[in-house]
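**Student:** From first to last, the protein sequence lines are chains A and B. Mapping of the first sequence onto my numbering: residues 1 to 237, in sequence order. Mapping of the second sequence onto my numbering: residues 1001 to 1244, in sequence order. Next up is a structure, given as C-alpha cells.
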Amino acid sequence: MSRLFEQNHPYPGKLIIVEGIDGSGKSTQLQLLQKWLLDAHYRVFFTEWNSSALVNETIKHGKKKNLLTPTTFSILHATDFADRLAHLIIAPLKAGMIVCADRYIFTAFARDVVRGVHREWVRNIYGFAVKPDIALYFRVPIEISLKRILNGRIDLKFHEAGMDLGLSDDPKESYRIFQSKILEEYNAISSEYGLTVVDATQSIQKQQAIIREIVRQKLNAYKPAPFLQKKENIYVA
Amino acid sequence: MSLKKRHFYGFGLPYVETEDLSGKLIVVEGTDGVGRSTQIDDLKKWLEVKGFGVVTTGWTRSPLMGKAIDEAKSGHTLNVNTFSLLYAADFADRLEHEIIPALRSGFIVLADRYIYTAFARSAVRGANRHWIRKVFGFALNPDAVFYMRIGVEDLIPRVINSQTLQKRYWEELSGEGMDYWESGMDMRLGGDFYDSFVEYQKRILKEFDKMTKEFGFQTIDASKNFEEINRDLKQGILGILEDE
C-alpha cells in the first residue's frame, strides 16, 4: 500500500491533529487541550503546519519570478512536510509522546485541490504520512470565520485570501470565495477520512469539554513509557 | 506532426490542456557516465540538419528549485521522501516551463534523463516504489525511451579515467575525484568512493533493468563504441518520426 495514512501506525505515542479553515478556532482549542494534558502529566509534543526557511525562500523566489504552479506549490509543501514528519512527528511518536499537530495533511488536500491539482494525486504524494489517532475537524460557516479573522487584524494576507488565483480583485470577496471552496473540500475530506466533526460555532468552553471527553476515551488504553512518567522528565512548554 | 492525444503517466495536470502538444518527447535514459549527454548533443545537430526544431532538457537544476536542492544536499538531514519530493518539484518546474511549451510549439524535446532516473534513485534509497510512481503521476508519457544499457564492468573505465578524474580533482576543485552522489556516498555503500560507486551503480542498473519491461524501454547496448551507439539511437528515432 502506498498510502500509509490509511492504516494505523505502529508507534507507541498518540497523534492528535486539528483541522479547519482560518478562524475556526482550532488553534485555541488545541492550546487548551495541551494545558489539560500537561496538567495530567502527559508528555506532549506540539508541532505546527509551518514551512521551513528552505521552502519559504523557494516559494518567495518562485512568486517573484512567477514560476510557481499549483503542482510545484503542492510538491514543495509536501517536501517540507516529509522533513517535519521525520523530525517533529515520528521521533516523538516513537518515544511514546502525545503529539499535538495544528493542521495536518488534510490542510494540503483541501488547499491544493482548490488551487487545481488532482484530488487523488495530492493524496498519493502524502502517502508516507502517519495516520492520526484523533483527528478533529472544527466546522464553521464562512461568515463566522471571516468575522473572527477580520476582528484580529485589518488586512487579509495575500495567500490567505487566495489573491493569486484571480477570484476577485477585492481581498475580502476573494477570501470569501477561496475559503468557501476550501470549506467544501474539508467537508468532503471529513467524511472520506472519518474526521471527528466539532461544531465550532459553540462557545470555547463547550467545544473544549467535548474534545476533552473524546481524548479521554481515546487515551484510556494509552500507557506512557516508564521513562516518560518520571517527574523530572516532564517539562512544561 | 499529428495531433494524437497525449497521455499523462498518472493523474496528470488537471489545469493543462494536452490536445495541442504536437511535438515529440524523446527520452534518453541510462546511468551516470554512460555517455548520454554526448549522444544527445549529436542527435540535436542531426535532427536540426533534417529541419526539426529541437529543445534539449536535462535532469539538472531548474530555476525554481536549483538553490533549494543545493542547500538541502549540503545539509545532512535529507530523508528519502524529502529527497524524492525535491526532485519531483524540480522536474515539475521543468515540465511545465520547458517541456510542455516546447511540445506545444511543435518541437522535438530530447530529454537527458526523465522520471525513470528518479524512480531508480529513490528505490535504491529505500522509497516505496508505488509511492514514487504516484508522485510523478503529473508527468507526460514520452513518445519513446531509449535506455543506454551498460554493465558496471564497462561503466568503470568510462568514469575512472585520467581525463574525468583529473579534471574534477584539479580544475573543479571539488576535493574529490569521483562524484559524491554518483558514488552513492550518502548511503556509504563501501569503505571508499570506488567501492561505494560499484555497489551503488550495480543497484541503479538493476532498477533500470527492472523498469525496461514496465515502461517499454528500447534498449541500446551502450557497451559499444560511440558511433555504433549513435547509429542505433538514430535508427530508433527515425522509427518514431516515420510513425506519422
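C-beta: ideal position from N, C-alpha, C; glycine also.
So which residues on chain B does residue 50 (chain A) lean against when the C-beta distance must stay under 7 Å?
**Tutor:** As a first step, residue 50 (chain A) must be located in the first sequence, where it is residue number 50. Going along chain B, no residue has its Cβ under 7 Å from residue 50 (chain A), so there is no contact; the nearest lies around 16 Å.
**Student:** State whether the stretch 1059-1067 of chain B contacts the stretch 1020-1038 of chain B, with contact taken as three or more CB pairs (one from each stretch) at a distance under 8 Å.
**Tutor:** Contact between the stretch 1059-1067 of chain B and the stretch 1020-1038 of chain B is absent: fewer than three C-beta pairs spanning the two stretches fall below 8 Å.
**Student:** Measure the CB-CB distance between residue 1152 (chain B) and residue 1206 (chain B) and report whether it falls below 7 Å.
**Tutor:** Sequence index remark: in the second sequence, residue 1152 (chain B) carries index 152 (1-based). Sequence index remark: in the second sequence, residue 1206 (chain B) carries index 206 (1-based). Going by beta carbons, residue 1152 (chain B) and residue 1206 (chain B) fall outside the 7 Å limit.
**Student:** Just the C-alpha distance for residue 1083 (chain B) and residue 137 (chain A), rounded to the nearest angstrom, thanks.
**Tutor:** Against the second sequence, residue 1083 (chain B) aligns to sequence position 83. Against the first sequence, residue 137 (chain A) aligns to sequence position 137. Cα to Cα, the separation comes out at about 31 Å.
**Student:** Answer yes if the stretch 1018-1029 of chain B comes into contact with the stretch 1108-1117 of chain B, meaning at least three C-beta pairs across the two stretches below 8 Å, and no otherwise.
**Tutor:** yes
**Student:** Measuring straight from C-alpha to C-alpha, what distance separates residue 1233 (chain B) and residue 1130 (chain B)?
**Tutor:** Position 233 of the second sequence, counting from 1, holds the residue named residue 1233 (chain B). Position 130 of the second sequence, counting from 1, holds the residue named residue 1130 (chain B). Straight-line Cα distance between these residues: approximately 30 Å.
**Student:** Ordered along the chain, which non-local residues of its own chain (more than five positions away) have a Cβ less than 8 Å from that of residue 173 (chain A)?
**Tutor:** Mapped onto the first sequence, residue 173 (chain A) falls at position 173. Correct list, in chain order: 167.
**Student:** In chain order, what residues of the same chain lie with their CB nearer than 6 Å to the CB of residue 52 (chain A), ignoring the 5 residues before and after it?
**Tutor:** The count along the first sequence starts at 1 and reaches residue 52 (chain A) at position 52. Cβ neighbours of residue 52 (chain A) beyond the five flanking positions: 80.
**Student:** Does the stretch 1193-1200 of chain B touch the stretch 1130-1139 of chain B, meaning 3 or more C-beta pairs lie closer than 8 Å?
**Tutor:** no
**Student:** Cα separation between residue 13 (chain A) and residue 91 (chain A)?
**Tutor:** Here residue 13 (chain A) refers to the residue found at position 13 of the first sequence. Here residue 91 (chain A) refers to the residue found at position 91 of the first sequence. Using only the alpha carbons, I get a separation of about 10 Å.
**Student:** Name the chain B residues whose beta carbon is nearer than 9 Å to that of residue 9 (chain A)?
**Tutor:** Reading the first sequence from its first residue, position 9 is the one you call residue 9 (chain A). Chain B residues near residue 9 (chain A): none, gap ~15 Å exceeds 9 Å.
**Student:** If contact is defined by three or more beta carbon pairs under 8 Å, each pair taking one atom from either stretch, is the stretch 1156-1169 of chain B in contact with the stretch 1039-1048 of chain B?
**Tutor:** no
**Student:** How would you label residue 135 (chain A), buried or exposed, when you count the other beta carbons within 10 angstroms and need 16 or more for buried?
**Tutor:** Locating residue 135 (chain A) in the first sequence gives position 135, where the first residue counts as 1. Residue 135 (chain A) is buried by the Cβ-count criterion.
**Student:** Assuming residue 1088 (chain B) and residue 75 (chain A) form a contact by the criterion Cβ under 8 Å, report the distance between their Cβ atoms to the nearest whole angstrom.
**Tutor:** In the second sequence, the residue the question calls residue 1088 (chain B) occupies position 88. In the first sequence, the residue the question calls residue 75 (chain A) occupies position 75. Rounded, the Cβ-Cβ distance is 5 Å, consistent with contact.
**Student:** So is residue 1131 (chain B) in contact with chain A if we call contact Cβ pairs under 7 Å?
**Tutor:** Start at 1 with the first residue of the second sequence, and residue 1131 (chain B) comes out as number 131. With 7 Å as the cut-off, residue 1131 (chain B) counts as an interface residue toward chain A.
**Student:** Given a limit of 8 Å on CB to CB distance, which residues of the stretch 1092-1105 of chain B reach chain A?
**Tutor:** 1092, 1093, 1096, 1097
**Student:** State the start and end residues of the unbroken alpha helix (DSSP H) segment that holds residue 1245 (chain B).
**Tutor:** Past the edges of chain B, shown from 1001 to 1244, lies residue 1245 (chain B), and the structure says nothing about it.
**Student:** Counting along the chain, where does the alpha helix (DSSP H) carrying residue 1038 (chain B) start and finish?
**Tutor:** Working through the second sequence from its first residue, we reach residue 1038 (chain B) at position 38. Counting along the chain, the alpha helix (DSSP H) containing residue 1038 (chain B) begins and ends at 1036-1049.
**Student:** Could you tell me which residues DSSP pairs with residue 1147 (chain B) in its beta bridges?
**Tutor:** Position 147 of the second sequence, counting from 1, holds the residue named residue 1147 (chain B). DSSP output for residue 1147 (chain B) lists B:1029, B:1219 as bridge partner(s).
**Student:** Mark residue 161 (chain A) as exposed unless 16 or more other C-beta atoms lie within 10 angstroms of its C-beta, in which case mark it buried.
**Tutor:** Here residue 161 (chain A) corresponds to residue number 161 of the first sequence, with the count starting at 1. That one is buried.
**Student:** Residue 78 (chain A) to residue 165 (chain A), Cα distance in whole Å?
**Tutor:** Counting from 1 along the first sequence, the entry for residue 78 (chain A) is found at position 78. Counting from 1 along the first sequence, the entry for residue 165 (chain A) is found at position 165. The alpha-carbon atoms of residue 78 (chain A) and residue 165 (chain A) are separated by roughly 20 Å.
**Student:** Where does the unbroken beta strand (DSSP E) through residue 1112 (chain B) begin, and where does it stop?
**Tutor:** What you label residue 1112 (chain B) is simply residue 112 of the second sequence in a count that begins at 1. Taken as a continuous stretch (DSSP letters only), the beta strand (DSSP E) holding residue 1112 (chain B) covers 1108-1112.
**Student:** Per DSSP, what kind of secondary structure is residue 139 (chain A) in: helix, strand or coil?
**Tutor:** What you label residue 139 (chain A) is simply residue 139 of the first sequence in a count that begins at 1. Three-state DSSP puts residue 139 (chain A) in a strand.
**Student:** In the DSSP assignment, what residue or residues form a beta bridge with residue 18 (chain A)?
**Tutor:** For the purposes of this step, residue 18 (chain A) is taken as residue 18 along the first sequence, with counting starting at 1. Residue 18 (chain A) pairs with A:102, A:136.
**Student:** To which residues does DSSP link residue 198 (chain A) through a beta bridge?
**Tutor:** Along the first sequence, one-based indexing puts residue 198 (chain A) at 198. A:138, per the DSSP bridge assignment.
**Student:** Against chain B, with Cβ distances strictly below 7 Å, would residue 159 (chain A) count as a contact?
**Tutor:** The residue you call residue 159 (chain A) lines up with position 159 of the first sequence. Closer than 7 Å: no.
**Student:** Would you please state the rounded distance, in angstroms, between the beta carbons of residue 184 (chain A) and residue 103 (chain A)? I believe it to be under 8 Å.
**Tutor:** The count along the first sequence starts at 1 and reaches residue 184 (chain A) at position 184. The count along the first sequence starts at 1 and reaches residue 103 (chain A) at position 103. No, residue 184 (chain A) and residue 103 (chain A) are not in contact; Cβ-Cβ is about 18 Å, not under 8 Å.
**Student:** If we count Cβ pairs, one from each stretch, closer than 8 Å, do we get three or more for the stretch 22-35 of chain A versus the stretch 192-208 of chain A?
**Tutor:** yes
**Student:** DSSP has residue 1057 (chain B) in a bridge; who is on the other side?
**Tutor:** Mapped onto the second sequence, residue 1057 (chain B) falls at position 57. Partner(s): B:1111.
**Student:** Going by beta-carbon coordinates alone, are residue 1098 (chain B) and residue 1057 (chain B) separated by less than 7 Å?
**Tutor:** Your numbering for residue 1098 (chain B) matches position 98 in the second sequence. Your numbering for residue 1057 (chain B) matches position 57 in the second sequence. Taking 7 Å as the Cβ cut-off, residue 1098 (chain B) and residue 1057 (chain B) qualify as a contacting pair.
**Student:** Relative to the C-alpha of residue 1187 (chain B), which residue among B:1236, B:1121, B:1227 is closest?
**Tutor:** Residue mapping note: residue 1187 (chain B) aligns to position 187 of the second sequence, counting from 1. Answer by Cα proximity: B:1121.
**Student:** Residue 1138 (chain B) touches chain A at which residues, Cβ-Cβ below 7 Å?
**Tutor:** As a working mapping, residue 1138 (chain B) is identified with position 138 in the second sequence. Correct list: 71, 121.
**Student:** Given residue 1178 (chain B), which residues of its chain have a CB within under 8 Å of its CB, disregarding the five upstream and five downstream residues?
**Tutor:** Here residue 1178 (chain B) refers to the residue found at position 178 when the second sequence is read from its first residue. Excluding residues within five positions, the ones whose Cβ falls inside 8 Å are 1159, 1160, 1165, 1168, 1193, 1194, 1197.
**Student:** Are the C-beta of residue 1015 (chain B) and some C-beta of chain A separated by less than 7 Å?
**Tutor:** As a first step, residue 1015 (chain B) must be located in the second sequence, where it is residue number 15. With 7 Å as the cut-off, residue 1015 (chain B) counts as an interface residue toward chain A.
**Student:** For residue 44 (chain A), report the span of its alpha helix (DSSP H) as first-last.
**Tutor:** Position 44 of the first sequence, counting from 1, holds the residue named residue 44 (chain A). Not the alpha helix (DSSP H): residue 44 (chain A) falls in the beta strand (DSSP E), residues 44-48.
**Student:** Could you tell me the alpha carbon to alpha carbon distance between residue 128 (chain A) and residue 1231 (chain B), rounded to whole angstroms?
**Tutor:** Taking the first sequence and counting its residues from 1, the one referred to as residue 128 (chain A) is at position 128. Taking the second sequence and counting its residues from 1, the one referred to as residue 1231 (chain B) is at position 231. Approximately 44 Å, taken between the alpha carbons.
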